[in-house]
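Participant: Those protein sequence lines, which keep their order, are chains A and B. Heads up: the first sequence begins at 3 in this note's numbering, then just goes up one per residue. Heads up: the second sequence begins at 3 in this note's numbering, then just goes up one per residue. The beta carbon of each residue, even a glycine, is placed where N, CA and C say it ideally should be. There's a structure below that I have some questions on.
Protein chains: 2
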Amino acid sequence: MRASRFLFATLRETPNDAEVISHQLMLRAGMIRKLASGLYSWLPMGTRVLKKVDAIVREEMNRSGALEVFMPVTQPAALWGESGRYEQYGPELLRFKDRHDNPFVLGPTHEEVITDLARNELKSYKQLPLNFYQIQTKFRDEIRPRFGVMRSREFIMKDAYSFHADQASLQETYDVMYDTYSRIFTRLGLDFRPVQADTGSIGGSASHEFHVLAASGEDDIAFSTESDFAANVEMAEAVLVGERASATQAYTLVDTPNQKTIADVCQFLNSDAKQSVKALLVQGPSDEKGHTPVVALFLRGDHELNDIKAEKHPLIAAPLTFATEEQLQQHGLTAGFCGPQGLVEKGLTVIIDRAASVLSDFVAGANEVDKHATGVNWDRDAKFTEVFDLRNVVEGDPSPDGKGTIQIKRGIEVGHIFQLGTKYSEALGCKVLGEDGKPFTVTMGCYGIGVTRVVAAAIEQNFDDKGIIWPKAIAPFEVAIVPMNAHKSPRTLEAAETLYAELQAQGYDVLLDDRNERPGVKFSDLELMGIPHRIVIGEKGLDAGTFEYKGRRDAEASNLSKDELMAQLTR
Amino acid sequence: MRASRFLFATLRETPNDAEVISHQLMLRAGMIRKLASGLYSWLPMGTRVLKKVDAIVREEMNRSGALEVFMPVTQPAALWGESGRYEQYGPELLRFKDRHDNPFVLGPTHEEVITDLARNELKSYKQLPLNFYQIQTKFRDEIRPRFGVMRSREFIMKDAYSFHADQASLQETYDVMYDTYSRIFTRLGLDFRPVQADTGSIGGSASHEFHVLAASGEDDIAFSTESDFAANVEMAEAVLVGERASATQAYTLVDTPNQKTIADVCQFLNSDAKQSVKALLVQGPSDEKGHTPVVALFLRGDHELNDIKAEKHPLIAAPLTFATEEQLQQHGLTAGFCGPQGLVEKGLTVIIDRAASVLSDFVAGANEVDKHATGVNWDRDAKFTEVFDLRNVVEGDPSPDGKGTIQIKRGIEVGHIFQLGTKYSEALGCKVLGEDGKPFTVTMGCYGIGVTRVVAAAIEQNFDDKGIIWPKAIAPFEVAIVPMNAHKSPRTLEAAETLYAELQAQGYDVLLDDRNERPGVKFSDLELMGIPHRIVIGEKGLDAGTFEYKGRRDAEASNLSKDELMAQLTR
Numbered sequence: 003m004r005a006s007r008f009l010f011a012t013l014r015e016t017p018n019d020a021e022v023i024s025h026q027l028m029l030r031a032g033m034i035r036k037l038a039s040g041l042y043s044w045l046p047m048g049t050r051v052l053k054k055v056d057a058i059v060r061e062e063m064n065r066s067g068a069l070e071v072f073m074p075v076t077q078p079a080a081l082w083g084e085s086g087r088y089e090q091y092g093p094e095l096l097r098f099k100d101r102h103d104n105p106f107v108l109g110p111t112h113e114e115v116i117t118d119l120a121r122n123e124l125k126s127y128k129q130l131p132l133n134f135y136q137i138q139t140k141f142r143d144e145i146r147p148r149f150g151v152m153r154s155r156e157f158i159m160k161d162a163y164s165f166h167a168d169q170a171s172l173q174e175t176y177d178v179m180y181d182t183y184s185r186i187f188t189r190l191g192l193d194f195r196p197v198q199a200d201t202g203s204i205g206g207s208a209s210h211e212f213h214v215l216a217a218s219g220e221d222d223i224a225f226s227t228e229s230d231f232a233a234n235v236e237m238a239e240a241v242l243v244g245e246r247a248s249a250t251q252a253y254t255l256v257d258t259p260n261q262k263t264i265a266d267v268c269q270f271l272n273s274d275a276k277q278s279v280k281a282l283l284v285q286g287p288s289d290e291k292g293h294t295p296v297v298a299l300f301l302r303g304d305h306e307l308n309d310i311k312a313e314k315h316p317l318i319a320a321p322l323t324f325a326t327e328e329q330l331q332q333h334g335l336t337a338g339f340c341g342p343q344g345l346v347e348k349g350l351t352v353i354i355d356r357a358a359s360v361l362s363d364f365v366a367g368a369n370e371v372d373k374h375a376t377g378v379n380w381d382r383d384a385k386f387t388e389v390f391d392l393r394n395v396v397e398g399d400p401s402p403d404g405k406g407t408i409q410i411k412r413g414i415e416v417g418h419i420f421q422l423g424t425k426y427s428e429a430l431g432c433k434v435l436g437e438d439g440k441p442f443t444v445t446m447g448c449y450g451i452g453v454t455r456v457v458a459a460a461i462e463q464n465f466d467d468k469g470i471i472w473p474k475a476i477a478p479f480e481v482a483i484v485p486m487n488a489h490k491s492p493r494t495l496e497a498a499e500t501l502y503a504e505l506q507a508q509g510y511d512v513l514l515d516d517r518n519e520r521p522g523v524k525f526s527d528l529e530l531m532g533i534p535h536r537i538v539i540g541e542k543g544l545d546a547g548t549f550e551y552k553g554r555r556d557a558e559a560s561n562l563s564k565d566e567l568m569a570q571l572t573r
Numbered sequence: 003m004r005a006s007r008f009l010f011a012t013l014r015e016t017p018n019d020a021e022v023i024s025h026q027l028m029l030r031a032g033m034i035r036k037l038a039s040g041l042y043s044w045l046p047m048g049t050r051v052l053k054k055v056d057a058i059v060r061e062e063m064n065r066s067g068a069l070e071v072f073m074p075v076t077q078p079a080a081l082w083g084e085s086g087r088y089e090q091y092g093p094e095l096l097r098f099k100d101r102h103d104n105p106f107v108l109g110p111t112h113e114e115v116i117t118d119l120a121r122n123e124l125k126s127y128k129q130l131p132l133n134f135y136q137i138q139t140k141f142r143d144e145i146r147p148r149f150g151v152m153r154s155r156e157f158i159m160k161d162a163y164s165f166h167a168d169q170a171s172l173q174e175t176y177d178v179m180y181d182t183y184s185r186i187f188t189r190l191g192l193d194f195r196p197v198q199a200d201t202g203s204i205g206g207s208a209s210h211e212f213h214v215l216a217a218s219g220e221d222d223i224a225f226s227t228e229s230d231f232a233a234n235v236e237m238a239e240a241v242l243v244g245e246r247a248s249a250t251q252a253y254t255l256v257d258t259p260n261q262k263t264i265a266d267v268c269q270f271l272n273s274d275a276k277q278s279v280k281a282l283l284v285q286g287p288s289d290e291k292g293h294t295p296v297v298a299l300f301l302r303g304d305h306e307l308n309d310i311k312a313e314k315h316p317l318i319a320a321p322l323t324f325a326t327e328e329q330l331q332q333h334g335l336t337a338g339f340c341g342p343q344g345l346v347e348k349g350l351t352v353i354i355d356r357a358a359s360v361l362s363d364f365v366a367g368a369n370e371v372d373k374h375a376t377g378v379n380w381d382r383d384a385k386f387t388e389v390f391d392l393r394n395v396v397e398g399d400p401s402p403d404g405k406g407t408i409q410i411k412r413g414i415e416v417g418h419i420f421q422l423g424t425k426y427s428e429a430l431g432c433k434v435l436g437e438d439g440k441p442f443t444v445t446m447g448c449y450g451i452g453v454t455r456v457v458a459a460a461i462e463q464n465f466d467d468k469g470i471i472w473p474k475a476i477a478p479f480e481v482a483i484v485p486m487n488a489h490k491s492p493r494t495l496e497a498a499e500t501l502y503a504e505l506q507a508q509g510y511d512v513l514l515d516d517r518n519e520r521p522g523v524k525f526s527d528l529e530l531m532g533i534p535h536r537i538v539i540g541e542k543g544l545d546a547g548t549f550e551y552k553g554r555r556d557a558e559a560s561n562l563s564k565d566e567l568m569a570q571l572t573r
């Protein structure tokens, strides 16, 4: 591509309304422009990147054996009624009526449409497994679209849906998708982690999110220093470490006037939060008579309760709900001074975290206003109902797979694979005939990649103060050639043209910067745009038979022979 | 692709609701399925074809120098207000509101969005010309969607918009697009004609439609038997042929009681319609005082008035409006018996078609009830104001370029290129600085291809009673290999696998039909799906060292050596 025939739309200033770096750089590099809130037009610079991501995703999906389909953006509301989501989905689901007053939605996802297709087309278990994918426009009417294409209203997804005779077949395709996603993000040149994710309310049995690691990520990812283990922080198991030592101290009541928080109490008593427990008083599930029990949870003073883990315990209500003031009073509990002592005897359920369970001689509330106790020991001073994994993992915790310790980094979710089970196939009646001739409900999986989001995530992971640093596979151009003073020196332009033709013939995606601009303007544009390789053709180099080369991450340019140059380009 | 891992969704019966052959065959071959009125999901079979069309269009657009962009499907209504189309566009423009009650439309086209982008990004004439394209989902809320993807509500368009400093630059890009479209449809393997089209109310200066010729087409295309000339029938010039002979007959009044139509009169008088003129009394444009003149048009009796041509005459009102009964009475005109005699003298404007102008000794109305005249001659018996091209061409007319004669065939419009001029750039204020430092309004062109429609049009042009006959470039698979009795004969399956691997390695898109189905079922599926080459591997052939080959258009299969087979595949 000749720069003179391309649309450069670089901006010197950082736009005011762009909060995150990828949004700023995509605007500044002339990749996207806002059309309306949450709606972006992709300029030629951005579209080149988008189409490269698109091509890699398509290639790997085809390689995996998935079959490409293409479903409408507009979907009849009736199908969403069948799945129950027409009511359940919030205002993110854009509902509208056509000219004949028939209700439709703009598809944020395609489970209903593909399941409808499958129930009509699939007849026999012999046709299974099948995995259908598409790369297609989606719409989600976000209340506050932001971060550019990271959280826009219209976006491009690669979504896939698989159909199976049984769980074993689903697991097989799920594993293939896991490998396919790993290959896709590897080919895209991104530092990513597949992490175990919560299956949440959809109720599937297994789920992994694929996160691009970036300081600006919205999610905390826990992963092992020494193995492949990675999980969302809320999903990572906090394993039991060590054993409880015998009691050495006597149980002692101490005055802690107005010291209600762990931090206050520990400072007041000059003790370590790790040597204390804190109480969280929550509700259990109501019984048939409408009576709602109170459950006391105890964690080590420096640990955080993990709601999702707590909600999995059958004696704790989901969603997690704290006990009311009234409930506390009924049980004679004192907020801020609550300890485990005597609670089981009062008929309360007491669930303690694994880390709290191995403490001895610890500090706890004394169940009296302005009093705590030191030298508290389980069994001797306080009974409990059960030990349970209740907390978020923290850095330094052992990895649950026994290898290495936990590190926590931030990630941007760019992919998600999910064992759906029969949620949609049951709701829409998607059945096929089994080997025994009887109809059965098919099992499903779904697999998504946010194609437009990947572009933003790649930037969040790869930038410096000069601009974007593209991984080679998705750079808008791999190489830029800059002839010096091209408008005065036919010699540099001619040499640039020769190299341009040569590199193109070798399959490189090359930009010949033949614009009538100062070199400084060109250089900063090319750095902002993140072109991996820059080659400057000047008079001196031509005399010396060298090329001035600078990789996008290099601090300095260097003069290279042709062979050296060609070697650099393959890096 | 192994057929056992693919979704076959062929139907034996022709679906009831499919009127046209492409719709029937796309359903029967398992290419598409209806989701709702005018909304279709593309199954794997159809998607393969769609993506091949897509790839050829993208390759040729890139080669032309056009820059790919990607704009949202959802567009703010305000932009459509600026162009005036929010009001002008009918209910085909789907209007809706988002969760914040802001008005949007689902884009049927993107002139407004791209012009908005251009007015923000383009600063100087130096950046021009630029041509932006996208391949993207469009929505048009057709009142009665039909013919499958031929006239669906959601469809895929390649749309392009070019920006220019002047008309000469527009013409240059227009010519490049003309050639690009010709290359695209040639590569797609279609018999097509670029035809001059009416620029209609958009008011641009030049326009060509690209039509795929097919008996089921909605448009009549006039083209030369001996040159490249082609135009919509309503656009083709009817050239003047011959000279008027001298009068030989006397002007004679004849009784023609109740004979009002040309057919009736000619039968009654035993004369040829070609030797008569018929009158069409229409309105001229109203003057400042609101007075509306009557204009008399005369055509040869066997010719049809062309409204579009007539409307181009400054003395004829557009849209074409017939004179009222009252107006006829005011001028003493008698419907059914109107001739040109004496009209100019009465102050009427008389415009006669070229073919009518060279008649002599003809039949015309006598301007009296139940009377006609024979032996009528221009000048001697009837004056006229002007000769003008008023009629539709008919087969056998000379081609306007002087080469060959006119033939008329039906076509399906699949592409349209259009010189927009400044319609949108003016309405939206898209200006750049000129060489003189002063802002000027840019000139635009637009260029569309109905990508989904091309697929249907290709079928309308290429089918037989067995199914689709794909041009090789867009066939879902180029070659199908059928091992006979594969489930009993490992030998045929093994040979099929070997050939499958070999052809794939050579870059062929191959289907290995390893389904556990009878050969007859496979053969009819493959014919229905239109696979260009079929190779059957049987025991006998293996013994003889031959392959049974059948091209999709061949009447019979033939046994070929390996070399002969490979030669066939390159056909």
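Tell me whether B:PRO74, by its Cβ, gets closer than 7 Å to a heavy atom of the ligand HEM.
Facilitator: The ligand content of the structure shown is nil, which means the ligand HEM is not present either.
Participant: Should A:GLY509 be flagged as near chain B, meaning a C-beta pair shorter than 8 Å?
Facilitator: Translated into the one-based positions of the first sequence, residue 509 of chain A becomes position 507. So, not an interface residue.
Participant: Since A:SER43 sits in a beta bridge, which residues does DSSP pair it with?
Facilitator: Stepping through the first sequence from its first residue, residue 43 of chain A is reached at position 41. According to DSSP, which records beta bridges pairwise, A:SER43 is partnered with A:ARG35.
Participant: Measure the C-alpha to C-alpha separation of B:PRO46 and B:ILE264 and round it to an integer number of angstroms.
Facilitator: For this step, residue 46 of chain B is matched to residue 44 along the second sequence. For this step, residue 264 of chain B is matched to residue 262 along the second sequence. Answer to the nearest angstrom: the Cα atoms are 57 Å apart.
Participant: If we call anything under 8 Å between Cβ atoms a contact, is A:ARG493 one with A:GLU541?
Facilitator: Position 491 of the first sequence, counting from 1, holds the residue named residue 493 of chain A. Position 539 of the first sequence, counting from 1, holds the residue named residue 541 of chain A. Closer than 8 Å, so yes.
Participant: Here's a check: name, in chain order, each residue in its chain whose Cβ is nearer than 6 Å to the Cβ of A:ALA238, leaving out the five neighbours to either side.
Facilitator: Here residue 238 of chain A corresponds to residue number 236 of the first sequence, with the count starting at 1. Answer for A:ALA238: ALA224 and VAL395, listed in chain order.
Participant: For B:LEU513 and chain A, any beta-carbon pair shorter than 8 Å?
Facilitator: The sequence position of residue 513 of chain B within the second sequence is 511, counting from 1. Not one chain A Cβ lies under 8 Å of B:LEU513.
Participant: Please name the residue in B:PHE106, B:THR254, B:LEU282 and B:ALA458 whose C-alpha comes closest to that of B:LEU271.
Facilitator: As a working mapping, residue 271 of chain B is identified with position 269 in the second sequence. Out of B:PHE106, B:THR254, B:LEU282 and B:ALA458, B:THR254 has the C-alpha closest to the C-alpha of B:LEU271.
Participant: When DSSP labels each residue in this structure, what does B:LEU544 get in the three-state scheme?
Facilitator: The residue given as residue 544 of chain B occupies position 542 in the second sequence. Helix at B:LEU544.
Participant: Could you please tell me which residues of the segment 3–26 of chain B, in chain order, have their CB closer than 7 Å to any CB of chain A?
Facilitator: Listed by position, the residues of the segment 3–26 of chain B near chain A (Cβ gap below 7 Å) are ARG7, PHE8, LEU9 and ALA11.
Participant: Excluding the 5 residues flanking A:GLY205 on each side, which residues of the same chain have their C-beta closer than 8 Å to its C-beta?
Facilitator: Locating residue 205 of chain A in the first sequence gives position 203, where the first residue counts as 1. Any reading at A:GLY205 is ruled out, since the residue's pLDDT is 49, under 50, leaving its predicted position unreliable.
Participant: Measure how close the beta-carbons of A:GLU220 and A:ILE353 come, nearest whole angstrom, since I'm counting them as under 8 Å.
Facilitator: Numbered from 1 along the first sequence, position 218 holds the residue referred to as residue 220 of chain A. Numbered from 1 along the first sequence, position 351 holds the residue referred to as residue 353 of chain A. In fact, because the Cβ distance is near 30 Å, the residues do not count as touching under 8 Å.
Participant: Decide if B:PRO534 is buried, meaning its Cβ has at least 16 other Cβ atoms within 10 Å, or exposed.
Facilitator: By 1-based counting over the second sequence, the position of residue 534 of chain B is 532. When all chains shown are included, B:PRO534 counts as buried.
Participant: Please state the DSSP three-state secondary structure of A:HIS25.
Facilitator: By 1-based counting over the first sequence, the position of residue 25 of chain A is 23. If DSSP states are grouped into helix, strand and coil, A:HIS25 belongs with the helices.
Participant: Specify the secondary structure class of A:ASP381 as computed by DSSP and reduced to three states.
Facilitator: Looking up residue 381 of chain A in the first sequence gives position 379. Three-state result, A:ASP381: coil.
Participant: Take A:ALA477 and list the residues in its own chain whose beta-carbon comes closer than 7 Å to its own, dropping the five residues that flank it on each side.
Facilitator: Translated into the one-based positions of the first sequence, residue 477 of chain A becomes position 475. Counting only Cβ-Cβ distances below 7 Å, and skipping sequence neighbours, we find GLY532, ILE533 and PRO534.
Participant: Which same chain residues, not among the five before or five after B:SER203, have their C-beta less than 7 Å away from its C-beta?
Facilitator: Working through the second sequence from its first residue, we reach residue 203 of chain B at position 201. For B:SER203, the predicted structure reports a pLDDT of 48, less than 50, and the residue's modelled location is therefore unreliable. A value from the coordinates is still provided. There are no such residues.
Participant: Determine the closest residue to B:VAL434 out of B:HIS489, B:GLU94, B:SER401 and B:GLN129, with distance taken between C-alpha atoms.
Facilitator: Counted from its first residue, the second sequence places residue 434 of chain B at position 432. Nearest C-alpha to B:VAL434: B:GLN129.
Participant: In whole angstroms, give me the CA-to-CA distance for B:TYR502 and B:MET486.
Facilitator: The sequence position of residue 502 of chain B within the second sequence is 500, counting from 1. The sequence position of residue 486 of chain B within the second sequence is 484, counting from 1. Spanning the two alpha carbons is a distance of roughly 14 Å.
Participant: Helix, strand or coil for B:PRO432? Go by DSSP, reduced to three states.
Facilitator: Your numbering for residue 432 of chain B matches position 430 in the second sequence. The residue asked about is misnamed: residue 432 of chain B is Cys in this sequence, not Pro. Coil, per DSSP.
Participant: Hey, does A:SER491 have any beta-carbon neighbour from chain B nearer than 8 Å?
Facilitator: Here the question's residue 491 of chain A lines up with position 489 in the first sequence. False, the Cβ-Cβ gap to chain B never drops below 8 Å.
Participant: With DSSP as the reference, please indicate the residues paired to A:GLN77 in a beta bridge.
Facilitator: Taking the first sequence and counting its residues from 1, one reaches residue 77 of chain A at position 75. A:VAL107.
Participant: In this structure, how does DSSP classify A:GLN343 when only helix, strand and coil are distinguished?
Facilitator: Residue numbering aside, residue 343 of chain A sits at position 341 when the first sequence is read from its first letter. Looking at A:GLN343 - three-state DSSP - the assignment turns out to be coil, as it is neither helix nor strand.
Participant: What first and last residue would you give for the alpha helix (DSSP H) that runs through A:ASN561?
Facilitator: Counting from 1 along the first sequence, the entry for residue 561 of chain A is found at position 559. No alpha helix (DSSP H) holds A:ASN561; the beta strand (DSSP E) holding it covers 560–562.
Participant: Would you report the Cα separation of B:GLN77 and A:ARG155, rounded to the nearest angstrom?
Facilitator: Position 75 of the second sequence holds residue 77 of chain B. Position 153 of the first sequence holds residue 155 of chain A. Each residue's alpha carbon lies about 12 Å from the other.
Participant: Kindly list the residues whose CB is nearer than 6 Å to the CB of B:ALA482, restricted to its own chain and excluding five residues on each side of it in sequence; keep chain order.
Facilitator: As a working note, residue 482 of chain B is residue 480 in the second sequence. Hits under 6 Å: LEU513, ASP515, LEU528, ILE533 and ARG536.
Participant: Just to confirm the assignment, what range does the alpha helix (DSSP H) spanning B:ASP177 have?
Facilitator: Here residue 177 of chain B corresponds to residue number 175 of the second sequence, with the count starting at 1. Looking at the DSSP string, the run of the alpha helix (DSSP H) that includes B:ASP177 is 169–189.
Participant: Whose CA, out of B:GLU327, B:SER164 and B:LEU282, lies closest to the CA of B:GLY450?
Facilitator: In the second sequence, the residue the question calls residue 450 of chain B occupies position 448. Comparing Cα-Cα distances from B:GLY450 to each of B:GLU327, B:SER164 and B:LEU282, the minimum goes to B:SER164.
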